[in-house]
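One structure is given below, encoded as structure tokens.
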Amino acid sequence: MRLVKSEGALLVPFKADGRLWREQLQAVPVKSCSKLLHQLETLEAGQKPGFGIEERRVLAMDHLVRFHLNSPTLFATSIVARGHQRGRLYVFDRRDRVTWSEVHRRYIQLVADLSGVAIESDLMLQEARLHERVDRQISIGAEIQAQLLPDRCPVIEGIELAACCRPAFQVGGDYYDFIPTRPELLGPRREHGRWALVIGDVMGKGVPAGLLMTMLRGMLRAEVLSGLPPDRILHDLNQLAQEDLSQSHRFVTLFYSDFDPRTRRLRFANAAHNPPLIWRAQQCRISRLDTTGLLIGLQPEADYGCDDVVLEPGDVLLYYTDGVTEAPGLSGDRFDEKRLIQALEMACHSHLSSQGILDCLFCCLDRFVGPSGNLQDDASMVVLKVQA
Numbered sequence: 005m006r007l008v009k010s011e012g013a014l015l016v017p018f019k020a021d022g023r024l025w026r027e028q029l030q031a032v033p034v035k036s037c038s039k040l041l042h043q044l045e046t047l048e049a050g051q052k053p054g055f056g057i058e059e060r061r062v063l064a065m066d067h068l069v070r071f072h073l074n075s076p077t078l079f080a081t082s083i084v085a086r087g088h089q090r091g092r093l094y095v096f097d098r099r100d101r102v103t104w105s106e107v108h109r110r111y112i113q114l115v116a117d118l119s120g121v122a123i124e125s126d127l128m129l130q131e132a133r134l135h136e137r138v139d140r141q142i143s144i145g146a147e148i149q150a151q152l153l154p155d156r157c158p159v160i161e162g163i164e165l166a167a168c169c170r171p172a173f174q175v176g177g178d179y180y181d182f183i184p185t186r187p188e189l190l191g192p193r194r195e196h197g198r199w200a201l202v203i204g205d206v207m208g209k210g211v212p213a214g215l216l217m218t219m220l221r222g223m224l225r226a227e228v229l230s231g232l233p234p235d236r237i238l239h240d241l242n243q244l245a246q247e248d249l250s251q252s253h254r255f256v257t258l259f260y261s262d263f264d265p266r267t268r269r270l271r272f273a274n275a276a277h278n279p280p281l282i283w284r285a286q287q288c289r290i291s292r293l294d295t296t297g298l299l300i301g302l303q304p305e306a307d308y309g310c311d312d313v314v315l316e317p318g319d320v321l322l323y324y325t326d327g328v329t330e331a332p333g334l335s336g337d338r339f340d341e342k343r344l345i346q347a348l349e350m351a352c353h354s355h356l357s358s359q360g361i362l363d364c365l366f367c368c369l370d371r372f373v374g375p376s377g378n379l380q381d382d383a384s385m386v387v388l389k390v391q392a
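If you're matching positions, the sequence shown starts at 5 in our numbering and goes up one per residue.
Quick look at the structure:
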């Protein structure tokens, strides 16, 4: 204004998506432009007449500014930065004392160019802050998930355990756990006691999925203490979690089993999770452990089937999440259950330990996915091997 000795100026910046940036509207003097500012704030893009970077919207805005200012002397220019229109600058003089010259126009264009740099810098700063928030959410989600998963496998009489969760870029809702049914027992008495072996997956990713699984974990651990059979535990857990899950529009798959080291009997129930695979050492064949059951949170009065199996020396049980079988390969195919069964057969024929089997399975998965190692979802596996 001082450069060209005009009465006032109006700066109308645009956001990165082309919409009018209402919070950054600037006018001098404010009092004489108050009605115009109010009109600009309320008639944003998407409302009639609407303003933004499209030519017809810019012309509509120019017309509105000219109408409200009623200035015989009005100069308008676009604010451009990095090849993108970032707003409009209006300089006006209702006293009609300014005679526009080429020097005036250059001064105003210089101010517009400097404004463009400032707007672009502000937009880049906002984008950086958004990325920081997203990165922080991923970090928080990873922390939540890390707290959910056991930091080591427990010692249980007669079996070896190995487990690993391979997280995808985005935090998922994978969960596995080993829960003593009588946590008050210590040392060898706990090792000989019954244990719950659980694996599940919340539909969705990020912090919300992690928080839901935290809630489910707490509910499940309380249910385990009841000593009820697996089908009753899933039934009660489903009723407890129904309201929270329905409000979040998410569901949970969960395979629940309990193992008694004294009898080597494994009881199990399934809430629509990927059925674990069992390798029978004597028959050298693989089958699935499965029962009927709906997703947790889908129906309030859902019933769950229950079954059991007696494990023999050398038997191997593989719990896994769908991030394993749905992992994409270089050709676009999925790893799928067939490939997982083939990998498990190869590992079991090699007479490896539970950790060796787990390492072998992830090695097969890594070869299939390729050097990029990109997983679309968390890939979790738990291997149980009965000692000979």
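For every residue, glycine included, the Cβ atom is placed at its ideal position computed from N, Cα and C.
Beta-carbon gap between residue i and residue j smaller than 7 angstroms
| i | j | result |
| --- | --- | --- |
| P184 | Q246 | no |
| H277 | F259 | yes |
| V320 | C352 | yes |
| L334 | G374 | yes |
| Q359 | G162 | no |
| P317 | D294 | no |
| L153 | C169 | yes |
| P17 | G91 | yes |
| D382 | A172 | yes |
| M223 | G177 | no |
| L299 | L270 | no |
| T257 | D205 | yes |
| R284 | M207 | no |
| L127 | F96 | no |
| V159 | E188 | no |
| V329 | D312 | The sequence shown places Thr at residue 329, not Val. Result no, Cβ atoms of T329 and D312 do not sit closer than 7 angstroms. |
| P234 | F272 | yes |
| A31 | L24 | no |
| G297 | A275 | yes |
| L15 | L93 | yes |
| V387 | Y180 | no |
| A331 | L281 | no |
| C157 | A167 | yes |
| E227 | L241 | yes |
| L348 | L322 | yes |
Best match in the options for proximity to residue i [C-alpha to C-alpha]
| i | options | result |
| --- | --- | --- |
| L362 | D205, L165 and L224 | L165 |
| D248 | D337, C157, P212 and R60 | P212 |
| M350 | L365, D340, G222 and F339 | L365 |
| V69 | R60, S357, H88 and L44 | L44 |
| G12 | V62, I112, R61 and R60 | I112 |
| C288 | R26, S354, L229 and G231 | S354 |
| R236 | C310, S291 and Q286 | C310 |
| S252 | R371, M219, R110 and G231 | M219 |
Cross-strand partners of residue i (DSSP beta bridge)
| i | result |
| --- | --- |
| K389 | E164 and V320 |
| G91 | P17 and I83 |
| T77 | D97 |
| S357 | Paired residue(s): none; S357 is not in a bridge. |
| Q251 | None; Q251 has no bridge partner. |
| V115 | Paired residue(s): none; V115 is not in a bridge. |
| D382 | In DSSP, D382 forms no bridge with anything. |
| I203 | Y180 and F259 |
| A273 | Y260 |
| V32 | A13 |
| C169 | S384 |
| L281 | R292 and L322 |
Residue i CB to nearest heavy atom of the ligand GDP below 6 angstroms
| i | result |
| --- | --- |
| D337 | With respect to small molecules bound, the structure shown includes none, and the ligand GDP cannot be examined in it. |
_Below 8 angstroms, how does it come out for the stretch 115-123 and the stretch 76-84: are there three or more Cβ pairs, yes or no?_
yes
*Is there contact between the stretch 256-270 and the stretch 192-212, where contact requires at least three CB pairs shorter than 8 angstroms?*
yes
_Which complete beta strand (DSSP E) runs does the stretch 284-342 hold, if anything under 3 residues is left out?_
289-292, 311-314 and 320-324
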